[in-house]
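Q: Supplied in structure tokens, the structure appears directly below.
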């Protein structure tokens, strides 16, 4: 079809995904600004409300997850995926990532303890994970709860790379903030000492609750050669948490032939079944 016939027979303009919207949201602490992407199912909510998946780095993967849910939730009895609200947390940028994520997803740590940057340049500002968690819990979640009928017992946090590190930070710091945690290729080497130091308090927090918590750790096979030991660190954590008998359902998956970024689509597919399977009508 040539250009003139396309112009004659089709509308022009940007492509949008039905049922999605975006807005700017400011944090009540830390003076931060976020681009919030929301996808609401076209179906009516179940009696318990919609399950919700909170997605980090939304500029890069929001559309991928939305389309995966839209397609797979058509036959939940076959796919194990039900309609869900996707809440993407991103930044005011046209690129897939923003350097602001280094601040929001990491814990305070001395510059001398940070891994060296590949190009030798200084790392962006870091150490804002505590304020970012406050934004999610005190600003974003209440807003989503006001606008939609949601299932407060089916909330998931999905993060990849530094976002995976932040996902594990939330698990350790406030384990019952979510029921499901998806940590893809987590950059544990950034704050590995903190997790060792925090473990006793983490186990104490788990003992104070009575909900079910599930954790999926996913990595790409090709990441196994990275000097950060990303795959080894994730596997070690999954084994350790399984052996501590802490009551968390832990799964580890290494995706064959995938690298640090190419792992995202198969990880999302696996994550949807992992997070939403309990919501499938029997």
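In UniProt numbering, the protein residues as written are 1 to 282.
Quick reminder that beta carbons are idealized off the backbone N, C-alpha and C, glycines included.
For clarity, every value in this text was computed on a predicted model and none was experimentally measured.
#1: Decide if residue 191 is buried, meaning its Cβ has at least 16 other Cβ atoms within 10 Å, or exposed.
#2: Would you tell me roughly how many angstroms separate the C-alpha atoms of residue 154 and residue 14, rounded to the nearest one?
#3: Give the range of the beta strand (DSSP E) segment to which residue 159 is assigned.
#4: Taking the C-alpha atoms as reference points, what is the distance between residue 243 and residue 249?
#5: So, does the region 76-90 touch the region 136-156, judging by three or more C-beta pairs under 8 Å?
#6: Could you check if residue 44 is buried or exposed, using at least 16 other CB atoms within 10 Å of its CB as the buried criterion?
#7: Is residue 156 near the ligand ADP - that is, is its Cβ less than 7 Å away from at least one heavy atom of it?
#8: Is it a yes or a no for the region 116-127 touching the region 15-33, going by three-plus beta-carbon pairs under 8 Å?
#9: Are the Cβ atoms of residue 103 and residue 76 separated by less than 8 Å?
#10: Using only the alpha-carbon positions, how far apart do residue 236 and residue 165 sit?
#11: Mind checking residue 24: buried by the 16 CB within 10 Å criterion, or exposed?
#12: Quick check: the Cα distance between residue 3 and residue 20, rounded to an integer number of angstroms?
#13: Using three-state DSSP, classify residue 1 as helix, strand or coil.
#14: Three or more beta-carbon pairs under 8 Å between the region 264-272 and the region 60-77, yes or no?
#15: The alpha helix (DSSP H) that contains residue 103, what's its start and end?
#16: For residue 26, I'd like the list of residues in its chain whose CB is within less than 6 Å of its CB, leaving aside the five on either flank, ordered along the chain.
#17: Around the C-beta of residue 120, are 16 or more other C-beta atoms found within 10 angstroms, so that it is buried, or is it exposed?
#18: Give the DSSP bridge partners of residue 72, in chain order.
#19: Apply the 10 Å Cβ neighbour rule to residue 268 and answer buried if 16 or more other Cβ atoms are within range, or exposed otherwise.
#20: Skipping 5 residues on each side, what residues in its chain have a beta carbon closer than 7 Å to that of residue 194?
A: Here's the rundown:
#1: As a first step, residue 191 must be located in the chain shown, where it is residue number 191. Residue 191 should be labelled buried.
#2: Position 154 of the chain shown, counted from the start, is the residue given in the question as residue 154. Position 14 of the chain shown, counted from the start, is the residue given in the question as residue 14. Rounded to the nearest angstrom, the two C-alpha atoms are 33 Å apart.
#3: To locate residue 159, count along the chain shown from 1; it is residue 159. Unbroken beta strand (DSSP E) run through residue 159: 150-160.
#4: Position 243 of the chain shown, counting from 1, holds the residue named residue 243. Position 249 of the chain shown, counting from 1, holds the residue named residue 249. Whole-angstrom Cα-Cα distance: 11 Å.
#5: yes
#6: Walking along the chain shown from the start, residue 44 turns up at place 44. When all chains shown are included, residue 44 counts as exposed.
#7: By its list of ligands, the structure shown contains no ligand whatsoever, and the ligand ADP lies outside what it can speak to.
#8: no
#9: Within the chain shown, residue 103 is the residue found at index 103, counting from 1. Within the chain shown, residue 76 is the residue found at index 76, counting from 1. Their beta carbons are not under 8 Å apart, which means residue 103 does not touch residue 76 by this criterion.
#10: What you label residue 236 is simply residue 236 of the chain shown in a count that begins at 1. What you label residue 165 is simply residue 165 of the chain shown in a count that begins at 1. In a straight line, the C-alpha of residue 236 is about 14 Å away from that of residue 165.
#11: In the chain shown, residue 24 corresponds to position 24, counting from 1. Result: exposed.
#12: Here residue 3 corresponds to residue number 3 of the chain shown, with the count starting at 1. Here residue 20 corresponds to residue number 20 of the chain shown, with the count starting at 1. At residue 3, the pLDDT of 44 sits below 50, so the modelled position is not reliable; the number obtained from the coordinates is stated separately. For residue 3 and residue 20, the distance between alpha carbons rounds to 29 Å.
#13: Translated into positions along the chain shown, residue 1 becomes position 1. Annotation note: pLDDT 39 at residue 1 (below 50); position unreliable, no value reported.
#14: yes
#15: Within the chain shown, the letter at position 103 stands for residue 103. Per DSSP, residue 103 belongs to the alpha helix (DSSP H) from 101-104.
#16: The sequence position of residue 26 within the chain shown is 26, counting from 1. The answer, listed in chain order, is 33.
#17: Here residue 120 refers to the residue found at position 120 when the chain shown is read from its first residue. Burial call: exposed.
#18: Sequence index remark: in the chain shown, residue 72 carries index 72 (1-based). Beta-bridge pairing links residue 72 to no other residue.
#19: Your numbering for residue 268 matches position 268 in the chain shown. With 16 or more Cβ atoms within 10 Å of its Cβ, residue 268 is classed as buried.
#20: Start at 1 with the first residue of the chain shown, and residue 194 comes out as number 194. The residues are 107.
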